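**Q** Take this structure, written in C-alpha cells, and hold onto it; I'll ask about it next.
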Amino acid sequence: MKMNLKFICNKNLVVTEVQPGKSLLDFIRKDLRLTGSKEGCREGDCGACTVLIGELENDRMIYKTVNSCIMPVGDINGKHLVTIEGLSDGKLNQIQNDFVEQGASQCGFCTPGFIVSLCGYFLSNEKPILKDAIDSLDGNVCRCTGYESIRNAINNSIVFLESNEGDSKRHIEKLVSSNFIPEYFLEIPQRLNNLSIDIQKDSVNGDAKQIIGGGTDLLVQRWEEIENADVNLIFNLHQNEKITVEDNICKIKATTTVSEFWESEIIKKYLPEITESLYLFGSLPIRNRATLGGNIINASPIADMTSILLALDAKLIIEGNSRKQIKLNEFYTGYKTMKLEPGEILDDIHIELPDEGARFNFEKISRRTYLDIASVNSSIYLVIDKDVISEVHLSAGGVAPIPLYLFETVNYLKGKEIAFETIKSAAEITLKEIKPISDARGSSAYKSLMLRNLLFAHFAKLFPNIIVVEELI
Ligand SMILES: Cc1cc2nc3c(=O)[nH]c(=O)nc-3n(C[C@H](O)[C@H](O)[C@H](O)COP(=O)(O)OP(=O)(O)OC[C@H]3O[C@@H](n4cnc5c(N)ncnc54)[C@H](O)[C@@H]3O)c2cc1C
Ligand code: FES
Ligand code: FES
37 MKMNLKFICN KNLVVTEVQP GKSLLDFIRK DLRLTGSKEG CREGDCGACT
87 VLIGELENDR MIYKTVNSCI MPVGDINGKH LVTIEGLSDG KLNQIQNDFV
137 EQGASQCGFC TPGFIVSLCG YFLSNEKPIL KDAIDSLDGN VCRCTGYESI
187 RNAINNSIVF LESNEGDSKR HIEKLVSSNF IPEYFLEIPQ RLNNLSIDIQ
237 KDSVNGDAKQ IIGGGTDLLV QRWEEIENAD VNLIFNLHQN EKITVEDNIC
287 KIKATTTVSE FWESEIIKKY LPEITESLYL FGSLPIRNRA TLGGNIINAS
337 PIADMTSILL ALDAKLIIEG NSRKQIKLNE FYTGYKTMKL EPGEILDDIH
387 IELPDEGARF NFEKISRRTY LDIASVNSSI YLVIDKDVIS EVHLSAGGVA
437 PIPLYLFETV NYLKGKEIAF ETIKSAAEIT LKEIKPISDA RGSSAYKSLM
487 LRNLLFAHFA KLFPNIIVVE ELI
C-alpha cells in the first residue's frame, strides 16, 4: 500500500505518494533526480549515500547522518532531508572549498558523503574538535585520496569557523554567515511546523505484517522484497523519553537507537562502562538508525547489543493480543527462531539498575576493529562482595546458533572468589557449553580459543590487581 509523504528536501517542499519500504537513496536518485548522493555498496558500509535527516525537537532542529541506501523512504515523512545538493547555494560551501584547496577529492565518488557527514558534525557541535570531527566520518570510506588531505581540509574548516566570530548569537546563524550551510536552513523549523505532520502516527500501519525498525538489517538482507511490501514503520513510534527509570527498573523502548542509548544520561550514569564499548558498534550513520529491538529480533548470533543486554539480564515486554514478559536469555529457540508470534511487537526492554559495586565489560573480536560485525563477542556483569562474586551474568556471541547466555559458567562463578584458578576452571566450563561452527569468520577451534581469551580479558580488565593475562595463557 502506498503512503502519502510530505517533507522538505533541501529547500523544496515535496508532497508525493510512495511505497514506504523503498530505499531512500533510490527515491532521491530516481524520483527526485538528485544524483549527488552516490550508490557504492548499498549495504551501509561505504557512506557514499550519506544524507542528513533533520527533525524538530523542542523547537530545535536536530540533524543526524544516515545511510540513505538502507533507510525506508517512509521514515522521511514530516522531516527535513538534506542531500549534497542542499548544502551549497550556487557556490561551493566552506567545507567544499577546503576539500578543493587540500586536494581532498580525486575521483570524487566518496566526496558528497564526506561533505554531508562533516556538515552534520558542524550542525551538531558548537565547539568543533578535530578528533571528534574525524570520528564523525567513521562511516565514510575513500578509495583514492588518502585520509591525510581530508584531515587537513577538516582542520582548515575548523580554524576558519573559529576565526569567523561574526555577531550572530545562534550556532546555526554562525554556520550560515561562515558559508558552511545555505541561508534557507534558518527557515526550516517554521516550515516543518507548518507541515502539521504527526510523525508518530502517520507512519504506523498496524495491518502490515512486516515490521521495520531502522531497516539496517532488513534493507541489506531483503530490500528487493521490502520495497514493494506492505510495511509497518515503527522507527518513529516513540519520540520522547525512550529511556526512563521507574522503581529501580530501567525501561528502554525497543525503538531506541544505539546512538540514543549511547547518549542517554541515564545509561551514562548507571552503566558508564557500556557507553565506552559502543564505538565498536557499526558507524555513526548506522548507530543513528540501528534500534535495540531490531538487534534482538534479527537474532544474529553475533549481535552486539543483544550480547550486552543478555549480560544485563534483560526482560522483553512484548505487545500482541496481550502484553507478555519474557527473559531475553529464554527468548531464542534456535537459529533465527524465537518466542515471538506473527504480528507481535517488541515494545520495551527492562533491566534492573545495577547494584553498587557492579562491574560490566564488553569484548568483541572482528576482522577490522571498526565498522565490522563480530567474529566472537562476549559481555559480563558482576557484583563483587569482598572479592567474592555475589551476582554474575555472562553472554557469548558467534559460538552457537543463538546469542548465548552461558548458564553453566554463570552457575559455577556464583559465590566464587576472584582468583586465577576460578577463571581457569570457568573457561573450561564455557568451552563445554558452546557449539561454534566453522564459517567465513573463523574455524570452530579459532572461535573457541577466542571466547576463552575474551573470558580472560573480562577478568584481566576488571580486576587488573588480581588477574594477570600472561599467567592465564
Ligand atoms: C554497515 C553495518 C554495520 C553494522 N554493524 C553492527 C555491529 O557492529 N553490531 C551489531 O550488532 N549489528 C550491526 N549491524 C546490524 C544492524 O545494524 C543491527 O542489528 C540493528 O540493531 C538492527 O536494528 P534495525 O532497527 O535497523 O532493524 P531492522 O532492519 O529494522 O529489523 C530487523 C528485524 O527485527 C524486526 N523488528 C525490528 N524492530 C522490531 C520490534 N520492535 N518488534 C518486533 N520486530 C522488530 C524486523 O521485522 C526485522 O525482522 C550493522 C549493520 C550494517 C548495515
Ligand atoms: S551506498 Fe554504501 S553506505 Fe550506502
Ligand atoms: S576521492 Fe575517490 S573514492 Fe574518495
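Per the numbering used here, the very first residue in the sequence shown carries number 37; after that it's consecutive. In this text, a Cβ means the ideal position worked out from N, Cα and C, and glycines have one as well. On a predicted model such as this, the values are computed, not experimentally measured, just so you know.
1) Closest to residue 384 by C-alpha separation, out of 406, 360 and 120, would be which residue?
2) Taking only three categories from DSSP, how would you classify residue 90?
3) In terms of residues, what are the limits of the alpha helix (DSSP H) holding residue 152?
4) In three-state terms, what does DSSP make of residue 117?
5) Using a strict less-than 6 Å threshold between each residue's beta carbon and the heavy atoms of ligand 2, what residues do you get?
6) Rounded to whole angstroms, what is the Cα-Cα separation between residue 382 and residue 450?
7) How would you label residue 476, buried or exposed, when you count the other beta carbons within 10 angstroms and need 16 or more for buried?
8) Pick from 351, 213 and 234: whose alpha carbon is nearest that of residue 286?
9) To the nearest whole angstrom, what separates the beta carbons of residue 407 and residue 175, a pair I think is in contact under 8 Å?
10) So, do the region 110-123 and the region 296-310 have three or more beta carbon pairs nearer to each other than 8 Å?
11) Could you round the C-beta distance between residue 431 and residue 418 to whole angstroms and report it? I think they count as a contact, below 8 Å.
12) Residue 335: which of 437, 100 and 99 sits nearest, CA to CA?
13) Identify whether residue 62 lies in helix, strand or coil by the three-state DSSP scheme.
14) May I have a chain-ordered list of the alpha helix (DSSP H) segments no shorter than 4 residues that lie completely inside the region 260-316?
15) Going by DSSP, which residues form a beta bridge with residue 374?
16) DSSP on residue 488, reduced to helix/strand/coil?
17) Would the C-beta of residue 325 count as close to ligand 1, meaning under 7 Å from any of its heavy atoms?
18) Would you give the residue range spanned by the beta strand (DSSP E) that residue 395 belongs to?
19) Counting C-beta neighbours from all protein chains within 10 Å, is the total for residue 80 16 or more, i.e. buried, or is it exposed?
20) In chain order, what are the residues with a CB under 7 Å from some non-hydrogen atom of ligand 3?
21) Quick one: is the Cβ of residue 290 within less than 7 Å of any heavy atom of ligand 1?
22) When the Cα of residue 504 is compared with those of 460, 396 and 47, which residue comes out closest?
23) Does the beta-carbon of residue 501 have 16 or more other beta-carbons within 10 angstroms, so that it is buried, or is it exposed?
24) Which residues does DSSP list as the beta-bridge partners of residue 80?
25) Return the CA-CA distance between residue 363 and residue 207, expressed in angstroms with no decimal places.
26) Can we say the region 179-188 touches the region 323-335, given the rule of at least three CB pairs closer than 8 Å?
27) Residue 393: which of 250, 421 and 403 sits nearest, CA to CA?
28) Could you check whether the Cβ of residue 369 sits closer than 7 Å to any heavy atom belonging to ligand 1?
**A** Result, derived from the coordinates:
1) Here residue 384 refers to the residue found at position 348 of the sequence shown. For residue 384, the nearest C-alpha among the options comes from 360.
2) In the sequence shown, counting from the first residue as 1, residue 90 sits at position 54. Here residue 90 sits in strand by DSSP.
3) The residue labelled residue 152 in the question sits at position 116 within the sequence shown. Counting along the chain, the alpha helix (DSSP H) containing residue 152 begins and ends at 147-160.
4) Looking up residue 117 in the sequence shown gives position 81. Here residue 117 sits in strand by DSSP.
5) 75, 76, 77, 78, 80, 81, 82, 83, 84, 85, 103 and 105
6) Walking along the sequence shown from the start, residue 382 turns up at place 346. Walking along the sequence shown from the start, residue 450 turns up at place 414. Approximately 31 Å between the Cα atoms of the pair.
7) To locate residue 476, count along the sequence shown from 1; it is residue 440. When all chains shown are included, residue 476 counts as exposed.
8) Stepping through the sequence shown from its first residue, residue 286 is reached at position 250. Nearest of 351, 213 and 234 to residue 286, Cα basis: 351.
9) As a working mapping, residue 407 is identified with position 371 in the sequence shown. As a working mapping, residue 175 is identified with position 139 in the sequence shown. At roughly 7 Å, the Cβ-Cβ gap stays under 8 Å, so residue 407 and residue 175 are in contact.
10) no
11) Against the sequence shown, residue 431 aligns to sequence position 395. Against the sequence shown, residue 418 aligns to sequence position 382. Not quite, the Cβ-Cβ distance comes to about 13 Å (not below 8 Å), so this is no contact.
12) Counted from its first residue, the sequence shown places residue 335 at position 299. Closest option to residue 335, Cα to Cα, is 437.
13) As a first step, residue 62 must be located in the sequence shown, where it is residue number 26. Of the three classes helix, strand and coil, the one that applies to residue 62 here is helix, per DSSP.
14) 294-299, 301-306 and 308-311
15) Along the sequence shown, one-based indexing puts residue 374 at 338. 368, per the DSSP bridge assignment.
16) Translated into the one-based positions of the sequence shown, residue 488 becomes position 452. Residue 488: helix per DSSP, three-state reduction.
17) Indexing the sequence shown from 1 puts residue 325 at position 289. At least one heavy atom of ligand 1 is nearer than 7 Å to the Cβ of residue 325, so yes.
18) The count along the sequence shown starts at 1 and reaches residue 395 at position 359. Looking at the DSSP string, the run of the beta strand (DSSP E) that includes residue 395 is 394-401.
19) Sequence index remark: in the sequence shown, residue 80 carries index 44 (1-based). So residue 80 counts as buried.
20) 141, 142, 143, 144, 145, 146, 147, 178, 179, 180 and 181
21) Position 254 of the sequence shown, counted from the first residue, corresponds to residue 290. Residue 290: yes, Cβ under 7 Å from ligand 1.
22) As a first step, residue 504 is located in the sequence shown; it is residue number 468 there, counting from the start. Measuring from the Cα of residue 504, the nearest candidate turns out to be 460.
23) Looking up residue 501 in the sequence shown gives position 465. Counting Cβ neighbours within 10 Å, residue 501 comes out exposed, since fewer than 16 surround it.
24) In the sequence shown, residue 80 corresponds to position 44, counting from 1. Answer is none; residue 80 lacks a bridge partner.
25) Your numbering for residue 363 matches position 327 in the sequence shown. Your numbering for residue 207 matches position 171 in the sequence shown. Approximately 45 Å between the Cα atoms of the pair.
26) no
27) Taking the first residue of the sequence shown as 1, we reach residue 393 at position 357. Measuring from the Cα of residue 393, the nearest candidate turns out to be 421.
28) In the sequence shown, the residue the question calls residue 369 occupies position 333. Outside the cutoff, so no.
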